[in-house]
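*Asks:* Numbering (our numbering), first residue to last: 48 to 811.
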Ligand code: BGC
């Protein structure tokens, strides 16, 4: 079938579609769908629940077979992995011309951080703390993806993660439920825009529901086990925020929740999702997560498929368990007609809302695919967002920004490199079109001379390389030269330079799905290079590529500056040069704690107090600590420097004694005390030291972005409301409790000012 389909897909058909189309009201939609369903056989209804993969987007062992034939037979509801106007058109033609009821297909893909124009990896997007820019990145992604026939993206991934060993931290928004919720909503609004029926918006799919980021030991696909209190207070809020923002679909996760795989977990997919949260869209499984329930020990394919449907799953990605067993289960009374109808209806509703019944080719436009994809404007947006995502971790002696004079040595395997600029999950992004750091820096160096040496391989561990090259043998290659020859060349180049910029870190496939690591150091060969460079006594600026928090204790102690650039995307080199030369003053803040060592993990700022706290200085015995490491992170959540400096005044509160639903204003005066204009993300945290359950030492509740010229001051005010004091208590009731609260305002989760208030619910 593959051959027939690809032959079909090669034919280019010009098609242009209208900008908008009308959407029916709910009753119009209901009438349409009821009428259609009345004409559907049970097999055709079950067919709508089937989502096979075609094209190159394979993330599991199974691949779909005979897809074209199944489309013809009405056994496919949607397809993923196929994009490009000609290809989508040809596949859609099979559905609407050759299947009995001519029901159009939905076309999905993992458009994760851009489609053709790649933006920073999601963790980098979160580091902007800028919902407008995040929304913009998703809007550009939707514009590009929809021009190429797609109408559905498996994004945003909003899994809270506290364990950077897990490779998929790169795909999420970090460790904090508040920041994670803001980012989640911004992504959904960016993708879905003013409405799903427009031809330049696509439907979001929130994933992975739920708690996928809690996998034990940071190992992908591993067990998750957590209390309901932790679920409700820390892990579930971003999913809910994404759904509240209107996300049209949600993906069930691979892991167990309370011992039952999420894909077959009725408590999760029905009680919480539908009954508590009122969600109306559809639920798709993750890649073969239906059939993987067999491995989880839940029964054979018929049993797990019935379990999934009964739990509230509507669409089966790749397993074909629903397709092949539901009819039998219906005949045997193991599922009901109503359950099948319900799932089918939800898929048809999504298609209706996407406008596909009115125009199955709405998202197919050669013209748009030519004009609205990877152009000056989209590249400009990517460059802007990337520059905002970088986090300045250290800047001793103001070595940055670089001066455009003297000699700048760019050294490291990621300096003259295009492939690794893009980061994980870039199905349609073409790395050849990215801007390398060398190109970007040369373009802006002005009077400075730029010299370069590779210096080392990304890694020399052959077993590691084999795994990194799963998708493509060229992802990490070994230089023919010896380690020493490469290092000596780098040292010669460094010797003639005024400043050394070491461009090193994780390559593209070191983070992302199925990319867990137990060692979070910069790979050894690169670290050796960095050590050799540091021994020269030159000023060293580390431009760090990474998809996760790394352990940078040695680097923090031994290099002059560290600019964490994550994986910046297509415009990497230009955005990095913007920041290195001070055209853009960095303002990114960490969305995840950076530990000192792997042994501290999980390490996160919103932890609970213990009964034996340790202050970090006094007697250690019988206190919560390690014999061989401090408790503190290397860089706390929310951390990020600027080329300028900011001074925070003490907090002034409009009230210190409140009752009931009153609110207060907490204000600080922020002063730019340095010599550059800069932006600061001012962060508001609240602590609830006495409650009926033990509460985190502090929790992010709000933040504000403030721009200041040198010497300028501004008052920054936050409104603090009882809503911000609420949490899920031991009865899982969402409310707040009277008492004293600590209001913290500061530049990160550690360096804060504090003020206290008494707040009583008594007048309610
Ligand atoms: C991943 C999902 C992804 C899906 C489809 C799975 O392996 O967990 O995040 O959307 O594949 O590519």
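C-beta: ideal position from N, C-alpha, C; glycine also.
1) Since I believe residue 470 is in contact with residue 217 (beta carbons under 8 Å), could you give me their beta-carbon distance rounded to a whole number of angstroms?
2) Where do the ends of the alpha helix (DSSP H) carrying residue 685 lie?
3) Does the beta-carbon distance from residue 205 to residue 253 come in below 8 Å?
4) How long is the line joining the alpha carbons of residue 552 and residue 85, rounded to whole angstroms?
5) With a cut-off of 8 Å, do at least 3 Cβ pairs link the region 496 to 503 to the region 447 to 459?
6) How many Å lie between residue 288 and residue 246 at the Cα?
7) Could you check if residue 196 is buried or exposed, using at least 16 other CB atoms within 10 Å of its CB as the buried criterion?
8) What is the C-beta distance between residue 789 and residue 736, in whole angstroms, given that I count them as a contact (C-beta under 8 Å)?
9) For residue 234, report the span of its alpha helix (DSSP H) as first-last.
10) Within 10 angstroms of its Cβ, does residue 325 collect 16 or more other Cβ (buried), or is it exposed?
11) Kindly examine the ligand BGC and report whether one of its heavy atoms sits closer than 7 Å to the Cβ of residue 201.
12) Which first and last residues belong to the alpha helix (DSSP H) in which residue 600 is found?
13) With a threshold of 7 Å on Cβ separation, who are the neighbours of residue 343 within its own chain once the five nearest residues in sequence on each side are excluded?
14) Nearest to residue 369 by alpha carbon, out of 396, 397, 340?
15) Exposed or buried, what is residue 805 when buried is set at 16 or more other beta-carbons lying within 10 Å of its beta-carbon?
16) Quickly, what does DSSP pair residue 791 with across the bridge? List them, please.
17) Look at residue 128 and residue 153 and say whether their C-beta atoms are less than 8 Å apart.
18) Is it a yes or a no for the region 591 to 607 touching the region 431 to 441, going by three-plus beta-carbon pairs under 8 Å?
19) Taking only the alpha-carbon atoms, compute the straight-line gap between residue 432 and residue 635 and give it to the nearest angstrom.
20) The ligand BGC heavy atoms versus the CB of residue 333: any closer than 7 Å?
21) Give me whichever residues DSSP pairs with residue 364 in a beta bridge.
22) Which residues does DSSP pair with residue 308 in a beta bridge?
23) For residue 695, report the span of its beta strand (DSSP E) as first-last.
24) Short of 7 Å in beta carbon distance, which residues of its chain neighbour residue 194, apart from the five on each side in sequence? Order them along the chain.
25) Looking at C-alpha atoms only, which residue of 364, 119, 673 is the closest neighbour of residue 647?
26) Just to confirm the assignment: which complete alpha helix (DSSP H) runs, minimum length 4, are found wholly within the region 454 to 524?
27) Name the two residues that bound the continuous beta strand (DSSP E) containing residue 548.
28) Closer than 7 Å to a non-hydrogen atom of the ligand BGC - does that hold for the CB of residue 254?
29) Can you tell me whether residue 385 is buried or exposed? The criterion is at least 16 other CB atoms within 10 Å of its CB, across all chains shown.
30) Quick check on this structure: which residue in 540, 315, 717, 671 has the alpha carbon closest to the alpha carbon of residue 286?
31) Just reading off the alpha helix (DSSP H) that residue 422 is part of, what are its end residues?
32) On the DSSP letters alone, give me the boundaries of the alpha helix (DSSP H) that residue 766 sits inside.
33) Roughly how many whole angstroms lie between the Cα atoms of residue 485 and residue 248?
34) Can you tell me where the beta strand (DSSP E) holding residue 592 begins and where it ends?
35) Taking residue 480 as the reference, which of 165, 792, 670 has the closest Cα?
36) Under three-state DSSP, which class holds residue 782?
*Replies:* In brief:
1) 7 Å
2) Where residue 685 is concerned, there is no enclosing alpha helix (DSSP H), given that its DSSP letter is neither H nor E.
3) yes
4) 58 Å
5) yes
6) Taking the straight line from one Cα to the other gives about 25 Å.
7) Taking every protein chain shown into account, the CB of residue 196 has 16 or more other CB atoms within 10 angstroms, so this residue is buried.
8) For a cut-off of 8 Å, the C-beta gap from residue 789 to residue 736 is around 7 Å, short enough to register as a contact.
9) 224 to 239
10) exposed
11) yes
12) 600 to 605
13) 303, 308
14) Selected option, being the one with the closest Cα: 340.
15) exposed
16) 732, 801
17) Not in contact: residue 128 and residue 153 (Cβ atoms no closer than 8 Å).
18) yes
19) Looking at the two C-alpha atoms, the distance is approximately 10 Å.
20) Inclusion of residue 333 in the 7 Å shell around the ligand BGC follows from its C-beta lying nearer than that to a non-hydrogen atom of the ligand.
21) In the DSSP output, where bridge partners are listed per residue, residue 364 has 98.
22) 303
23) 693 to 695
24) 412, 415, 416, 419, 420
25) Nearest option by C-alpha distance: 673.
26) 484 to 491, 509 to 515
27) It spans 546 to 552 - the beta strand (DSSP E) in which residue 548 sits, taken as one unbroken run.
28) Yes; taking the cut-off as 7 Å, the Cβ of residue 254 has a heavy atom of the ligand BGC nearer than that.
29) Of the other Cβ atoms in all chains shown, fewer than 16 fall within 10 Å of the Cβ of residue 385; this residue is therefore exposed.
30) 315
31) Segment: none, residue 422 is in no alpha helix (DSSP H) and carries neither H nor E.
32) Segment 760 to 767 is the beta strand (DSSP E) holding residue 766; no alpha helix (DSSP H) there.
33) Rounded to whole angstroms, residue 485 to residue 248 spans 35 Å at the Cα level.
34) 586 to 592
35) 165
36) strand
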